[in-house]
Every structure is written in C-alpha cells, then in structure tokens.
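Protein chains in written order, with our numbering: chain P, 137 to 584; chain Y, -18 to 352.
In what follows, a structure is listed as structure tokens, so that the remarks can point back to it.
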Amino acid sequence: MEKEEIWQSVLAQIQLMTSPANFATWFQNTKISSLENGRVIISVPNSFVKEWLQEKYNKVIFKILKNLIPETKEIIYQIEKSGIKIIDRKITTALPLNQLTFQELEVDKKTNLNPRYTFSNFVVGSFNELSYAGAMAIVKNPGEVYNPFFVYGGVGLGKTHLLQAIGNEIIKNFPKKKVRYISCGKFVSDVILAIKNHQIEILKSSYQNFDVLLIDDIQFLSGKEKTQEEFFYIFNTLYEKNKQIVVSSDRPPKAIPALVERLRSRFEGGMIADISFPDFETRLAILKIKSEEKGVSFQEEILNYIATNIKKNIRELEGALNILVAYQKLNQKSPDLQTAKQLLKNLIAAPTKISSVKKIIKTVADFYEISEKEILSNSRKREYVKPRQVAMYLLREELKCSFPFIGRKFEGKDHTTAIHAYNKISESLKKDENLVEEIKQIKERFFS
Amino acid sequence: MKLKILKENLEKGLEVVNRIPLRKLSLPILSNILLETEKNFLKISATNLESGIIYWTLAKVEEEGKVCINAKFFFEVISNLKEETITLESENNFLKIEDKNVSLKIKGVNTEEFPIIPQKDSLEKISLDGEKLCNALGKIINIPSQSLGRPEISGIYFSFEDKFLKLAATDSFRLAEKRIPLLNTITKNYSLILPQNAAREIIGIFEREGEINFYFSVNQIFIESFTKELPHQKIFFTSKLIEGEYPNYQEIIPKKFKTKIHLDKSEFLSQIKTASLFSGRINEIKLKIDKKMGKLEILSENPDYGEFQSQIFTKIEGDDISISFNYKFLLDGISSIEEKEFDFLFTDSEGPAILKPSEDYFYILMPIKSS
C-alpha cells in the first residue's frame, strides 16, 4: 500500500471515533511523510497539532497502523516546514490608483526572479519565434540542449521577460533546481565587492551551486577584464557540469567590443537566437493581451493606432496602454480615438526625426566607447577612424546632411573626406555582417 | 481542586488570557480556559490554536486539580464580585465560586479536551524590555496588509542582530523599521516572521511587563515574563510563525537623496491633516519644496470641496522637488514619530521618500504619480 492510502485508511477509522470539528481541527493537513523499517513519520502543520496527536491520539493511530502494517514500531510526529500551503501570489485587491510600490519586494529572494514574467504572458511572433523555441526546449531539459543559450535583441523587446520566464518555468517544472537570475551590472559590482573584501573564492563557489544561471545584459562585461576572467571561470565550471546557462545581450557576441576571445567563442558554441522588431500583427496581439491583463478594453481603432505608430519597443507599447488605462480610471470612460491621439502625443510624435547631429555623434562615440573629442579629432588611429566614418555615414543617411556640412563638423575636414567615408561604409555594409549589426544597434540606440 | 485567591490577581490574569481572541469557531473547546493548580500557583491557559497563553498567579492551594470553563462567562462573573478574597472549588463537573456573601456554580467542560500548549525546547534565550518591544510593535503593527496574497510580508519581521532587535513591516507601498536594544548577548543571529495577529496579542499582553525572554523552535516562538516578587514565570506566550523568507528590504532603503528638509512634527501633522480634507478621490496631497524661498508648500484640491494651500518655512538641503503622496500613508508615518522634530528626505518625484526622526527608526513611503 502507498503512504497516502495508508494514511487515508487511518483517517477513515479515526473519523468514526471523533467529532467532525475535532477531526477537521487536528487531522487537516497531516500526512505520512516517510515509512521505513517500522518507523512512521507523520508530518503535521504546527506545534499545537503535534502535541495533541502525540498526547491524545498516539495510541489509536499506533493501533490502526499496526493492523495495517504489522512491523510498525514507532511513530514520530514532525512539523512540516514547507509544502502543503500553496502560496497564492495573485493580488486580490485592486491597487490604489497611481500609488507606486517597492518593486524590489516582488522579486523572489533566492532566485532573483520576478514571478510576473512567465511564458503565459509572453507573446510569440515571427520576430522572436526562434528565441522562444530555444527557450521551450531548455525549460524541458535544462542543461542538455542549447547550452549556453544566447539571446540578443534591442531595448524593450522582451529579453528580460524571456530570461525570467525561462527561470520561472524551470522552477515550475523542476522545483528542486536552483535557479539564479542576475543582471550583468549586479554581477560586475558583486565581483568588485568580492575582490575588495578578498572573498572572490566564496563568490565563485556560491555560483557553482546553481543549476540554472541566467545573466541579463552581458554586454556590460565589455572592457571589464577581471570580471570577464571570473565569469569565464564560473561559466566553465557550470558548463562542465551540464548546468544550463542563458545569456542575453543587446548585440551578438561578435559585436560586443572588448570581450575576450575565449568568452566570445564560448558564447558562440551554444545557440544564438535573436529577437527583432515585432510586426504589426504581433504588436496588436501584445496590446490586446496587455489590456486583458489590466482588465480594460479599448476600441480596436485605438489599438490599431498605437500599433501603427509605436514600432520598435514593446515597453513603449505598454507605456502607451498605461496612459490610456489611467485616463479611463480617472474619467470612468474609455477614451475615443481623438482623445487617445491627444494623450499619446508625446509618446508617438516625439521620436524618429529628432535625432540631431550631436546625438548621432554622441551615440556612435558611446557605442565604440571613445570620447566625443576623439571621434571629432584628426587622429588616424584605427580605433577612431572607423567610428568617425560610421558617424559620417549616419549623418548622411539619417539626417541627409550635405557632405561639406559633415566635413565641417569634423574639425573642418574636406567634403571629399566625408564622401569617402560614406562610400566606404556603404560598400563595407554589403559584405561585412558585423558592421550591419553594429549600425543596426547604433540606430536602435538613438531611436530609443 | 480547591484554592483561595485574591480577586484582583485572578481578574488581572483573566484579562491577560482574554487578549487571545477566538478564531476557530468550529471547535467549541477553544472558547474555554483551563484552570489548574501548580504548587502555590493557579495556572490559567487559553489558546486559539494559532497562539497560546499561560498565566500564573499566586494562590493558597488546598487541593490539587483542574477545571475547564467558558472564558468570557467566568471573567464576567469574577468582575462582578465585590470581596477581596474568593474561593474556587471544583465539584464534579462544576466550578464553585464563593466569597463572604456569594456562592455560585459554573458548569464546566471536560478538561481532557483542552488543547496542549506547546512548550519551549530551545536553550538560547534572548532578553528584551517588554515595554519597548510593545511600543516598537505599536508603531508598525498596522502596516502589513493581509489582502496582498503574500504571506511573507503579511507579518512583522523580527531580526535579532548582535545587540539589537530590528522590527520591520511593509505592504509594498511603505516600509518601517524600528530598532530596540537587546538585554543580553546572543550567540547567533536569528530572524523570523511573526503573524500580524500574534504581534497584536503581544502588544496587549506584554505592554506592562519589564524584562521578557524570547525562545524559538521550528516555526514557533515563545515569550515569557517573570513575576516581580518571585523568580517564577508569570506569563508564557507562544505563536506559530509565518514560513518563507522575508524580502531583502535593505535594497529598498535609499542611500542617496536629492532633497532633505527638517520639520516640526506637530506643525506638519496638523497641516497635512487639514490638507487631507481637501484631497480628491486618490487621496493625493502635493508637496512642493522651493529651496530659494526656503519653504515647503502643501497643496491639495478637490473638485467638490475646493482647494487647500499652506506653507512651512524650514531648512532645506539639496534641490527643489515636487512630489505627491497618499495622505493616509503620510499621516501614518508622521503619527508613528514620537520625536518633536524629524528629517524628511526625498530621492525623486517617483522614488521612495523617508521620514527619519532618529537612528533607531525610519518610515519609507512611495509617492503617487501626480495627476
């Protein structure tokens, strides 16, 4: 007989001897947690029940158990530490309107995961189906397929959501697995702190215990050599033990500057999947799902309007929706299309063409991690020449600046220099995939 | 059982054990208390199966024994007696109560049905001042909310760290922490989450006690106090704990501030109270800090009632800021301050703000998005 069945039959007999109130009070949430060599461990929910069963029911329970399993010698009552109780995380009352909350409290302390991010609210479309398929394979067999799993894509397209959903799903499927989500920035500061306190070994060994490690925004490792070294060590230890590693970045491994070669090749050794921009239909689907989550509904044409005008960032889609939700709650009515346009004016009208000369130059300089002064200088060092040419190319391409104007911006260079730069980059773009990716990333940055 | 007891002592004991409210109506035995003799003491026990309490009071015991009777009814009967000394005597299933002029009998129930209150089994003892503990709990007791569906923050967090006990509570909109000193040194640091109900009971039970001791076991806490006259237990209280890990709230505490102002508690409190009358449906009160003018402006408006505006001139450090709060959360915070003056620090119009009267206490609250 199974443990459950035995306990059921014990309870069935005890039920006949006690009042329903007593039975419900003392036997609710009890069970046999182990049954070995005549030693029966009964788990109970709290000390009151433990004392009571020990003092008042021990004889009866023992007698019944002895009948069922003759070798029963001893009964031990143990307070159940966890389990039984199902923690319902759903918020039951509506939050006060506009009240801000401590976001940090949402996060699970052990895993660092936010339970809000799951696959059930992750919208899949052609723009992210490869990443999604990879993630689905991983949550079924963590560590066995696609290891490491490298996801890259622009800002606000759901990388963090995907990473956290992988973590949450693995915990659901394999409750015993130790999952850890960490942002790269946090990892870097942890390493620095550990070095300062001479505790780097402790830090390293603490990471070795994880079964699944999810690292967000890995591009921040760029240029941090010591941290890369420690990360490489942790990565290898986990990888050798077949522990799942999932990494996200805003660009592919090749395009991360100042990343040591061995780490780059490790990243490329697993599966690399990208998340691009969602198409119109997906954007509409996202809006519908999000408004359903928030318990509101808007006219189809309003959602169409948002989906048509916000193309490059899912987070902004949600932001737009939030504005409309706030309006609806305050005024107790749905906005019409005209009102919606008015409300979203700032969000939608603002971006794209506003990128100024200055902004482009700054973004390019930041991207290649050189100073604005250096990019504008006359230096012929290779590390400055390429960014300078890219900046000139983008000024021409995006702002339609005249070549003489571009020349003047860069310390009075001749217009032919600008033309040369433009042509060179245009040519390179046809064969150099890395460059294509870099330009894409830079564009995303100044549009976001 | 037969004993003579001072009516005043018995009444005090009954008052204390009645602090544990009945929660499970399904089990009738729980509305009863157990009276037992123990050497020269009368021992009174009560429990609701979430928490339990035992109270000892000196008595002249003539015959050992125990009896189980309805708590409320017994308390009312005793309160109405006028003589100083009374006699309690069990007779079959009845409790006989007699003083000089009155003689009455109360029907009891089977003492065997009364639940067993778990006893402490750990050795590590932590001593605290009962009054300070209850005062500290009183500041934060109303913060946790039961409706969030998050058991781990529905209680009060206790963290025993070296020389201090830190008590914390949050409902995800605000968070308060109070620190009180320990009276002995501890070997290990402990932390636990106490249910809000149990914390309420503790405030009622131990607020007039001096030194009290804490003990722990697997998801259970034990607190005891001693009689002044004799080295004997006076009150023993136990409660179950909330399982789970308390969020690492240190991360919420802002380290850097944009603006800092210094305020007089009563002046600020009275202006916020008046402003609250004018706040609209979302309870919004706006604070505007103008450094050049050296003043804090308080604004609120309500389409139905009108507008409110007031100002306080005070010392301001940092930048100008404009920030809105739910007045209820702000009032709770100000009211929990005992000091005459306090610092009010801001990080951002949409970031946490902190009320800080001393090193031992702070109250962090999140603003609301200004409409």
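Note that beta-carbon positions come from the ideal geometry of N, C-alpha and C, so glycine has one too.
Note that the structure is predicted; figures quoted are calculated from it, not measured.
DSSP-derived helix/strand/coil call for residue i
| i | result |
| --- | --- |
| Ala409 (chain P) | strand |
| Asp324 (chain Y) | strand |
| Lys517 (chain P) | coil |
| Thr240 (chain Y) | strand |
| Tyr441 (chain P) | helix |
| Ser143 (chain Y) | The residue asked about is misnamed: residue 143 (chain Y) is Asp in this sequence, not Ser. Three-state result, Asp143 (chain Y): coil. |
| Ser84 (chain Y) | strand |
| Asp224 (chain P) | With a pLDDT of 40 at Asp224 (chain P), under the threshold of 50, the modelled position of this residue cannot be trusted, and the question is left open. |
| Gly314 (chain Y) | helix |
| Glu319 (chain Y) | coil |
| Ile78 (chain Y) | strand |
| Glu105 (chain Y) | coil |
| Leu11 (chain Y) | helix |
| Asp341 (chain Y) | coil |
| Ser169 (chain P) | strand |
| Ala456 (chain P) | helix |
| Leu201 (chain P) | helix |
| Asn259 (chain P) | What sits at residue 259 (chain P) in the sequence shown is Val, not Asn. Coil, per DSSP. |
| Val382 (chain P) | strand |
| Tyr227 (chain Y) | coil |
| Glu216 (chain P) | coil |
| Asp329 (chain Y) | coil |
Short CB-CB distance (under 8 angstroms) between residue i and chain Y
| i | result |
| --- | --- |
| Ser183 (chain P) | yes |
| Asn304 (chain P) | no |
| Asn194 (chain P) | no |
| Phe238 (chain P) | yes |
| Ile212 (chain P) | no |
| Glu191 (chain P) | yes |
| Leu241 (chain P) | yes |
| Glu594 (chain P) | Nothing about residue 594 (chain P) can be reported from this structure: the residues present for chain P run from 137 to 584 only. |
| Thr161 (chain P) | yes |
| Ile318 (chain P) | no |
| Asp235 (chain P) | A small correction: the amino acid at residue 235 (chain P) is Gln; Asp does not occupy that position in the sequence shown. Closer than 8 angstroms to some Cβ of chain Y, the Cβ of Gln235 (chain P) qualifies, so yes. |
| Asn158 (chain P) | yes |
| Ile215 (chain P) | yes |
| Ala230 (chain P) | Because Ala230 (chain P) carries a pLDDT of 47, less than 50, the predicted location of this residue cannot be relied on, and the following value inherits that uncertainty. So no, Ala230 (chain P) is outside the interface. |
Any C-beta of chain P under 8 angstroms from that of residue i
| i | result |
| --- | --- |
| Thr151 (chain Y) | yes |
| Leu8 (chain Y) | yes |
| Asn200 (chain Y) | yes |
| Glu19 (chain Y) | no |
| Met(-18) (chain Y) | no |
| Pro96 (chain Y) | yes |
| Glu101 (chain Y) | The question names Glu, yet the displayed sequence has Lys at residue 101 (chain Y). So, not an interface residue. |
| Ile335 (chain Y) | no |
| Glu331 (chain Y) | yes |
| Phe154 (chain Y) | yes |
| Asn389 (chain Y) | The displayed coordinates of chain Y run from -18 to 352. Any statement about residue 389 (chain Y) would go beyond what the structure contains. |
| Leu30 (chain Y) | yes |
| Ile253 (chain Y) | no |
| Lys(-12) (chain Y) | no |
| Ile1 (chain Y) | no |
Check: residue i C-beta below 7 angstroms from any heavy atom of the ligand MN
| i | result |
| --- | --- |
| Phe75 (chain Y) | Absence of the ligand MN is noted for the structure shown, with no ligands found whatsoever. |
Inset, instruction - Spell out a yes or no on whether the stretch 268 to 279 of chain P and the stretch 318 to 336 of chain P are touching, meaning 3 or more CB-CB pairs, one atom from each, closer than 8 angstroms. - result: Between the stretch 268 to 279 of chain P and the stretch 318 to 336 of chain P there are fewer than three inter-stretch CB-CB distances shorter than 8 angstroms, so the stretches are not counted as touching.
Inset, instruction - Determine which residues of the stretch 53 to 83 of chain Y have a Cβ less than 8 angstroms from any Cβ of chain P, and write them out in chain order. - result: none
Legend entry - chain P contacts made by the stretch 212 to 235 of chain Y, where a contact means CB separation under 7 angstroms: Taking 7 angstroms as the Cβ-Cβ cut-off against chain P, the residues of the stretch 212 to 235 of chain Y that qualify are Lys221, Glu224, Glu226, Pro228, Asn229, Glu232, Ile233.
Inset, instruction - Could you tell me which uninterrupted beta strand (DSSP E) segments, each at least 3 residues in length, are contained entirely in the stretch 111 to 199 of chain Y, listed from first to last along the chain? - result: 136 to 142, 145 to 151, 155 to 162, 171 to 176, 192 to 198
Legend entry - contact_flag[the stretch 153 to 170 of chain Y, the stretch 137 to 146 of chain P] where n(CB pairs < 8 angstroms) is 3 or more: Between the stretch 153 to 170 of chain Y and the stretch 137 to 146 of chain P, the count of Cβ pairs shorter than 8 angstroms is below three; the stretches do not touch.
Inset, instruction - Count the CB pairs spanning the stretch -15 to 2 of chain Y and the stretch 48 to 64 of chain Y that are closer than 8 angstroms, and state whether there are at least three. - result: yes
Inset, instruction - Below 7 angstroms between beta carbons is the criterion; list the residues of the stretch 132 to 151 of chain Y that meet it against any residue of chain P, in chain order. - result: Pro132, Ile134, Thr151
Inset, instruction - Could you say if the stretch 145 to 157 of chain Y and the stretch 236 to 247 of chain P meet the contact criterion of at least three C-beta pairs nearer than 8 angstroms? - result: yes
Legend entry - Complete alpha helix (DSSP H) runs within the stretch 523 to 551 of chain P (minimum length 4 residues, chain order): 539 to 545
Inset, instruction - Report the residue ranges of all beta strand (DSSP E) runs contained in full by the stretch 269 to 343 of chain P; include only those spanning at least 3 residues, in chain order. - result: Within the stretch 269 to 343 of chain P, the complete beta strand (DSSP E) segments of 3 residues or longer fall at 285 to 289, 315 to 319, listed in chain order.
Legend entry - the stretch 543 to 552 of chain P / the stretch 454 to 470 of chain P touching (three or more Cβ pairs under 8 angstroms): The stretch 543 to 552 of chain P, when compared against the stretch 454 to 470 of chain P, does not touch it at the 8 angstroms Cβ threshold.
Legend entry - Contact between the stretch 468 to 479 of chain P and the stretch 494 to 508 of chain P (3+ Cβ pairs under 8 angstroms): no
Legend entry - Cβ contact (3+ pairs, closer than 8 angstroms) linking the stretch 46 to 54 of chain Y and the stretch 63 to 76 of chain Y: yes
Legend entry - Touching by the beta-carbon criterion (3+ pairs, under 8 angstroms), the stretch 333 to 342 of chain P and the stretch 281 to 301 of chain P: no
Inset, instruction - Spell out a yes or no on whether the stretch 6 to 24 of chain Y and the stretch 95 to 106 of chain Y are touching, meaning 3 or more CB-CB pairs, one atom from each, closer than 8 angstroms. - result: yes
Legend entry - Cβ contact (3+ pairs, closer than 8 angstroms) linking the stretch 202 to 211 of chain P and the stretch 105 to 123 of chain Y: no
Inset, instruction - Pair every Cβ in the stretch 190 to 204 of chain Y with every Cβ in the stretch 228 to 240 of chain Y, then say whether three or more of these pairs are closer than 8 angstroms. - result: no
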